[in-house]
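One structure is given here, and the rest of the page talks about it.
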Amino acid sequence: MSQVPLLEIRDLHVEVDGKEILKGVNLTVNRGEI
24 MSQVPLLEIR DLHVEVDGKE ILKGVNLTVN RGEI
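The sequence shown begins at 24 in the numbering used here and counts up one residue at a time.
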């Protein structure tokens with residue numbers, strides 16, 4: 024059985040003052056990893 028992530032972010036893009044600072048970031052945190 025696969026574990027359900029505690030937190031999952033997919034394809035995050037962040038722009039500040041017209042400049043892209045994050046481009047397509049993926050993050051998965053499973054229970055017990057922090």
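Quick reminder that beta carbons are idealized off the backbone N, C-alpha and C, glycines included.
- In the DSSP assignment, Ile44 falls within the unbroken beta strand (DSSP E) covering Lys42 to Val52.
- The Cβ atoms of Val52 and Leu29 sit closer than 8 Å to each other.
- For Val39, the secondary structure class from DSSP, reduced to helix, strand or coil, is strand.
- Judged by DSSP in its simplified three-state form, Leu29 adopts coil rather than helix or strand.
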